[in-house]
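The numbering of the sequence shown is the working numbering, which starts it at 6 and goes up by one. Virtual Cβ for every residue (Gly too), placed ideally from N, Cα, C. All values derive from a computational prediction rather than experimental measurement.
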Amino acid sequence: MNKNTLLIFILGFVFIGISYFLGVEIFKNNTQTKPGTEKLQVVASFYPLYYFASQIAGDKADVTNITPAGAEPHDYEPSTQDIGRIEKSSILIINGGQLEAWGDKIKEDLQSKNIEVVTATEGLVTQEFEEEELIKDPHVWLDPVLAKKEVEKIAQAFIKVDPVNKTFYESNEINLENKLGSLDKSFKEGLRDCQQKNIVTSHAAFRYIASRYGLIQISISGLSPDQEPSPKQLAEVTRFARTNNVKYIFFETLISPKLSETIAKEIGAKTLVFNPLEGLTKDDEAVGKDYLSVQQENLASLRVALECK
6 MNKNTLLIFI LGFVFIGISY FLGVEIFKNN TQTKPGTEKL QVVASFYPLY
56 YFASQIAGDK ADVTNITPAG AEPHDYEPST QDIGRIEKSS ILIINGGQLE
106 AWGDKIKEDL QSKNIEVVTA TEGLVTQEFE EEELIKDPHV WLDPVLAKKE
156 VEKIAQAFIK VDPVNKTFYE SNEINLENKL GSLDKSFKEG LRDCQQKNIV
206 TSHAAFRYIA SRYGLIQISI SGLSPDQEPS PKQLAEVTRF ARTNNVKYIF
256 FETLISPKLS ETIAKEIGAK TLVFNPLEGL TKDDEAVGKD YLSVQQENLA
306 SLRVALECK
């Protein structure tokens, strides 16, 4: 083999090697997702968590609420389509505290998958409510102070999964926590000077917010609105409302107001909405209501019912 032939052979070998290397790099660049270039897929189990996550996500993530508008999250079961969406997500946010009947099972099923699961009430002090057994009260999100802690957990999950956008998520977290702080201040000031402290509610969703602002909750149903009260329980609630001169019985938008209306009629009281924010109705969505605006409506209802100055 002469020198020219050898040189051509070597150059050809080098060219093939370089072409292979470049081809591999191009393939890698085309198939790997670069951090920050695609939106995260985030799934929330029901409305308040969806709202908190959306406020933190901004335009960096697509957030889905799997509980449909008008549905009640206590007894909602994810569809096959919902499960598929969860399995394709980067973050799943559930409330915990026995709100979602399916929550614990799906957490076990997702352990082998690369999905960050946030249990928003984890680490928060949850009060226990005695019915037939001692169980946790999951309705943490209604208390603006505890809601801020849930927001912090959700923001931490976004930062863990997408650290490139850490500053963006932290800024949105601070903004939302400031709004919740202002909401807390509004409740404190609005309920400071009231004639009444007792609230009679459809179901036992308001213990945390009542405790925060010095109110006493008496509920018609249990922790879940589908827990029907016995005739004895109805009689006790009616007696309490009459004895304590309760002038308004609260009802909710996602469940039948029948029991509240029955007690109100029995004692000559009126009814008002106290929204547990377990979901929005389609009408609520159509007019642009959100967590903060509904909480302001709740405050207005409380001020009327409690005869606040």
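Bridge partners of K275 according to DSSP: Y253. Excluding residues up to 5 positions away in sequence, E121 lie with their Cβ nearer than 8 Å to the Cβ of K165 in the same chain. A straight-line Cα-Cα distance of about 24 Å links K158 and N280. DSSP places I96 in the strand class (E or B) of the three-state scheme. Cβ contact annotation for D87 (same chain, cutoff 6 Å, sequence separation greater than five): I71, in chain order. If you compare the alpha carbons of S216, G89, I221 and S94 with that of V150, the shortest gap goes to S216. Contact between the segment 192 to 209 and the segment 303 to 311 is established, with three or more Cβ pairs separated by less than 8 Å. Exclusion of the five residues before and after A162 leaves I96, E121 and V123 as the residues of its chain whose Cβ lies within less than 6 Å of its Cβ. If only uninterrupted beta strand (DSSP E) runs of at least 3 residues are considered, those enclosed by the segment 37 to 71 are 45 to 49 and 66 to 70. In the structure shown, the three-state DSSP call for K141 is strand. Unbroken alpha helix (DSSP H) runs of no fewer than 4 residues, entirely contained in the segment 141 to 175, are found at 149 to 166, following chain order.
Take the alpha-carbon of D80 and the one of H144: they are about 15 Å apart. Taking 8 Å as the upper bound for CB-CB distance, A66 and V47 are in contact here, some 5 Å apart. N100 is a Cβ neighbour of T126, given a cutoff of 9 Å.
In the DSSP assignment, Q222 falls within the unbroken beta strand (DSSP E) covering I221 to S224.
Straight-line spacing of the CA atoms in D231 and L220 works out to 24 Å. For E77 against I260, the beta-carbon gap comes to about 7 Å, under 8 Å, which counts as contact. Counting the other Cβ atoms within 10 Å of the Cβ of G102 gives 16 or more, which makes it buried. When beta bridges are read from the DSSP output, I204 appears opposite Q222.
Nearest neighbour of L188 by Cα position, chosen from D148, N249 and A209, turns out to be D148. Across the structure, D289 and G75 are spaced so that their CA atoms are roughly 9 Å apart. When C-alpha distances from Q301 are compared across V278, E43, K118 and P234, the shortest belongs to V278. The Cβ atoms of P234 and L196 do not sit closer than 9 Å to each other. Around the CB of L139, fewer than 16 other CB atoms lie within 10 Å, so the residue is classed as exposed. In the structure shown, E182 falls within a helical segment according to DSSP collapsed to helix, strand and coil. Take the alpha-carbon of Y174 and the one of N249: they are about 47 Å apart.
Sequence-distant Cβ neighbours of L285 in its own chain, meaning closer than 7 Å and more than five residues away, are Y52, A74 and K294.
For P83, same chain residues with a beta-carbon under 8 Å away, outside a window of 5 residues either side, are I71, I91, W107 and I111 in chain order. Note that the C-beta distance between G227 and A209 is below 9 Å. Taking C-beta atoms under 8 Å as the contact rule, I61 and N177 qualify, at a distance of about 5 Å. Within the same chain, Y253, I254, F255, F256, P262, S265, E266 and A269 come within 8 Å of T276 by CB-CB distance, once the 5 residues on both sides are set aside. Buried is the label assigned to R212, since at least 16 other Cβ atoms lie within 10 Å of its Cβ.
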